[in-house]
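Everything below concerns the one structure shown next.
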Amino acid sequence: MNSLLRAAALVMSLATAAAAADLQPGDEMIPLSQWREMTEGRTVWYSLNGVHWGKEYFHRG
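Going by our numbering, the sequence shown opens with residue 620, and the numbers climb by one from there.
Structure follows, in structure tokens:
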């Protein structure tokens with residue numbers, strides 16, 4: 620049952636991320652090399668409209 624809940628949460632997160640993927644006025648694309656520099660060895664927290672929905676840790680190298 621626990622894996623079913625995790626799968627449902629993942630599907631909802633992906634749907635939210637896809638809907639938020641369009642750039643809004645004032646947004647800008649970040650080149651991949653710059654993204655890697657900003658995230659390597661760090662934890663990135665994701666939120667949308669003040670609601671936390673996930674985090675990822677990016678290992679060095």
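Think of the CB as a built atom: it goes at the ideal place given N, C-alpha and C, for glycine as much as any other residue.
Query: Nearest residue (CA-CA) to T662, options P644, I649 and G673; Result: G673
Query: Run of the alpha helix (DSSP H) containing R661, from where it starts to where it stops; Result: Not the alpha helix (DSSP H): R661 falls in the beta strand (DSSP E), residues R661 to L667.
Query: V670 versus W654: straight-line alpha-carbon distance, rounded; Result: 22 angstroms
Query: Nearest neighbour of G680, chosen from L642, M657, I649 and D646 [CA to CA]; Result: M657
Query: Nearest-angstrom Cα separation, counted from D641 out to G666; Result: The residue you asked about is not Gly; residue 666 is Ser in the sequence shown. Roughly 15 angstroms separates the two Cα atoms.
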